[in-house]
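Count the sequence shown with the numbering used here and you get residues 24 to 319, in order.
The block underneath contains the structure these notes are about, expressed in structure tokens.
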Amino acid sequence: MQPVILGIDIGGTRIKAVAVSKERDVVEKYEGPSDAQDGPSAVRLAVALSVEYFRGKSLEIKAIGVGCAGSVNPLNGVVRNSPNFSHWRDVPLKEWIQEDSSVPTQVENDANCAAYCEWKLGGGKNVHNLVLLTLGTGIGGGLILNGELFRGSTGTGGELGHFSIYADGKPCPCGNLGCFERYCSASALREAVNGKYSAREIFMQAASPEFRPLIDRFLHDFSIGLTSIANIFDPDLILVGGGVAKGVAPYFPKLIQVLKTRAFPAVAANVRLEVTQFGNLSGAIGAALLAARVNE
Ligand SMILES: [Zn+2]
């Protein structure tokens with residue numbers, strides 16, 4: 024049996040999981056519903072199902088890494104709360120998964136996992152200061168600072184979806200007002216058209232008179248957020264992932280131009296803006312790589 028580490032990315036609607044070999048190759052993939060709307064116990068079951076899938080592939084599961092949105096304590100694997108899983112309070116995810124699978128488990132914030140994957144294997148290789156933004160249900164943030172994954176004091180560091188781009192703006196489930204993700208996530212775009220179109224569809228028809236003002240507004244708001252991020256972290260690279268990343272990518276040169284007028288000149292001249300290489304698998308792969316590091 025081939026020894027592998029599983030990486031499981033728990034999203035608002037889907038679970039994406041991978042089995043990663045010692046050579047860091049993805050040898051098997053799984054995708055299924057996360058059932059997050061039915062509460063933490065339903066997610067526990069969905070994770071157990073994904074583990075069962077890999078067991079059926081004659082793989083020897085050495086460890087499990089899990090990526091989950093929200094404030095995660097990486098030491099005990101408790102998900103304290105998550106703006107996108109409204110009923111989650113102090114969910115002992117690590118304990119549950121270890122109990123169900125009998126495999127050592129590590130739980131991390133999902134965007135931290137994605138940042139780690141892109142830094143180790145993707146476009147962020149050899150980059151000293153890297154910022155990752157995932158535009159999805161919310162905006163996830165992951166930081167590699169001075170060549171290390173940055174978690175903050177409680178594991179909640181780098182929540183880049185939750186700084187205000189408008190003082191006293193739209194309320195956010197996190198408790199703050201005017202958060203970046205209330206304006207620039209895929210959900211925020213969808214909300215702007217009353218759920219009639221997805222963010223991806225809006226970007227695909229960018230030239231239409233109906234969507235043009237929406238996209239201009241998005242780019243304006245996104246550039247405000249990017250300017251703050253660039254000025255605060257002075258990163259070499261900002262990677263954009265999530266379902267909308269490809270839609271936004273054609274506007275990267277324009278966004279860099281705006282950065283040149285708003286951010287510190289040295290920062291704007293240095294920073295690159297790119298799309299993630301591993302797309303929607305970066306969270307799962309990063310979770311596996313982080314679990315491998317713990318279990319080395
Ligand atoms: Zn918020």
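We treat Cβ as the ideally placed atom computed from N, Cα and C, and that holds for glycine.
Remember, predicted model here, so these are calculated numbers, not experimental data.
Under the three-state reduction of DSSP, D32 is assigned to strand.
Look at L183 here: in three-state DSSP terms it is coil, with no helix or strand label. Excluding the 5 residues flanking it on each side, Y76 has same chain C-beta neighbours closer than 7 Å at Y53, in chain order. The stretch 76–89 makes contact with the stretch 119–132, as at least three CB pairs between them are under 8 Å. Between I167 and W142, the C-beta gap is smaller than 7 Å, which places the two residues in contact. Counting the other CB atoms within 10 Å of its CB gives P63 a total of 16 or more, which places it among the buried residues. Per the Cβ contact rule, the stretch 167–176 is not in contact with the stretch 229–239 (fewer than 3 Cβ pairs under 8 Å). Annotation: Y139 is outside any beta strand (DSSP E); the continuous alpha helix (DSSP H) that includes it extends over D133 to K143.
The alpha carbon of F186 has as its nearest neighbour, out of A310, I38 and S251, the alpha carbon of S251. Considering only L237, G192 and L304, the residue with the shortest C-alpha distance to I33 is L304.
Pairing L313 with A137, the inter-Cα distance amounts to about 10 Å. H185 has its Cβ nearer than 6 Å to a heavy atom of ligand 1. The three-state secondary structure of N254, taken from DSSP, is helix.
Separation of V27 and E83 (C-alpha to C-alpha, rounded to the nearest whole angstrom) is 6 Å. With fewer than 16 neighbouring CB atoms inside 10 Å of its own CB, R295 falls in the exposed class.
Taking the CA atoms as reference points, P56 sits about 32 Å from D244. Contact check between the stretch 252–259 and the stretch 278–290: three or more CB pairs, one atom from each, fall below 8 Å, which counts as touching.
Minimum Cα-Cα distance from E182 among the listed residues K148, N132 and G218 corresponds to N132. Set against 6 Å, the gap from the CB of C91 to the closest heavy atom of ligand 1 is not smaller. Rounded to the nearest whole angstrom, the C-alpha separation of E214 and G201 is 15 Å. Counting of Cβ neighbours within 10 angstroms places S109 among the exposed residues, the total staying below 16.
At a cut-off of 4 residues, the continuous stretches assigned as alpha helix (DSSP H) that sit fully inside the stretch 166–221 are 204–207 and 209–215.
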